[in-house]
Amino acid sequence: MATEYTPEYVYELMNKLDEEVSELRNTVGSLVNTVKELDKRYGELAQRIDAVANALSGGRGQSDMGSVLREIAYIETTLLNYRDQLGKVRDQLNDMLNQLNKTMGELSDARSMIFDVVNNLRNLLSNYQSRLEELSITITELSIMLSSRLSDLEREIKAMRESVLLSKGKQ
Numbered sequence: 001m002a003t004e005y006t007p008e009y010v011y012e013l014m015n016k017l018d019e020e021v022s023e024l025r026n027t028v029g030s031l032v033n034t035v036k037e038l039d040k041r042y043g044e045l046a047q048r049i050d051a052v053a054n055a056l057s058g059g060r061g062q063s064d065m066g067s068v069l070r071e072i073a074y075i076e077t078t079l080l081n082y083r084d085q086l087g088k089v090r091d092q093l094n095d096m097l098n099q100l101n102k103t104m105g106e107l108s109d110a111r112s113m114i115f116d117v118v119n120n121l122r123n124l125l126s127n128y129q130s131r132l133e134e135l136s137i138t139i140t141e142l143s144i145m146l147s148s149r150l151s152d153l154e155r156e157i158k159a160m161r162e163s164v165l166l167s168k169g170k171q
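Going by the numbering used here, the sequence shown opens with residue 1, and the numbers climb by one from there.
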């Protein structure tokens, strides 16, 4: 049995697809912001690494080594955080790709549905055209038959009138 594609169904499907596209748009916006934040952190981290490299190459004293070690610990923590953020971005991208694949599948289904609806309409119109052509032929045949019948009736009435007039004339 064919699926009935009511206007309500099509409207709901279009709204659902619109919501999914909006979700994708929001996910992309979130990813852009996350990447900007990661880029900013990367810049800060590069500056700190340069500072540590300069401190180590400068041959600073024992007290400076404590601050260098703190800076290295901070860099290590920042790198771990950076790695975690990249993992989240990767997961968001995977989710977005999955959502995009799902939406593309639904768009393909919608396209098929629209094709089916158009095909059904085309078939219905073709059926109506055939019926109208048959009806036109039937009406033409009936019209010819009625015209012939009317001619016969007119002749009979004329003959009856003449017969009545003749019989009145004989009296």
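Virtual Cβ for every residue (Gly too), placed ideally from N, Cα, C.
Within the chosen definition, does the region 15 to 28 reach the region 96 to 103 through at least 3 CB pairs nearer than 8 Å? yes
Using three-state DSSP, classify Thr6 as helix, strand or coil. As a working mapping, residue 6 is identified with position 6 in the sequence shown. Three-state DSSP puts Thr6 in coil, outside helix and strand.
Between Leu142 and Leu150, what straight-line distance do the alpha-carbon atoms span, to the nearest angstrom? Taking the sequence shown and counting its residues from 1, the one referred to as residue 142 is at position 142. Taking the sequence shown and counting its residues from 1, the one referred to as residue 150 is at position 150. Approximately 12 Å, taken between the alpha carbons.
With the cut-off set at 8 Å, would you say Ser107 and Leu38 are in Cβ contact? For the purposes of this step, residue 107 is identified with residue 107 of the sequence shown, where counting begins at 1. For the purposes of this step, residue 38 is identified with residue 38 of the sequence shown, where counting begins at 1. Note on residue identity: the sequence assigns Leu, not Ser, to residue 107. Not a contact, by the Cβ cut-off of 8 Å.
In the structure shown, what three-state DSSP assignment does Gly58 receive? Counting from 1 along the sequence shown, the entry for residue 58 is found at position 58. It is coil, neither helix nor strand.
Nearest-angstrom Cα distance between Glu76 and Val35? Residue 76 sits at position 76 when you count from the first residue of the sequence shown. Residue 35 sits at position 35 when you count from the first residue of the sequence shown. For Glu76 and Val35, the distance between alpha carbons rounds to 20 Å.
When you compare only the Cα positions, how much space is there between Lys170 and Glu154? Taking the first residue of the sequence shown as position 1, residue 170 is located at position 170. Taking the first residue of the sequence shown as position 1, residue 154 is located at position 154. So the two alpha carbons sit approximately 24 Å from each other.
From Glu162 to Glu156, what distance separates their C-alpha atoms? Residue numbering aside, residue 162 sits at position 162 when the sequence shown is read from its first letter. Residue numbering aside, residue 156 sits at position 156 when the sequence shown is read from its first letter. Cα-Cα distance, rounded: 10 Å.
Please report the distance separating the alpha-carbon of Glu8 from that of Ile139. On the sequence shown, position 8 is the one that residue 8 refers to. On the sequence shown, position 139 is the one that residue 139 refers to. Whole-angstrom Cα-Cα distance: 39 Å.
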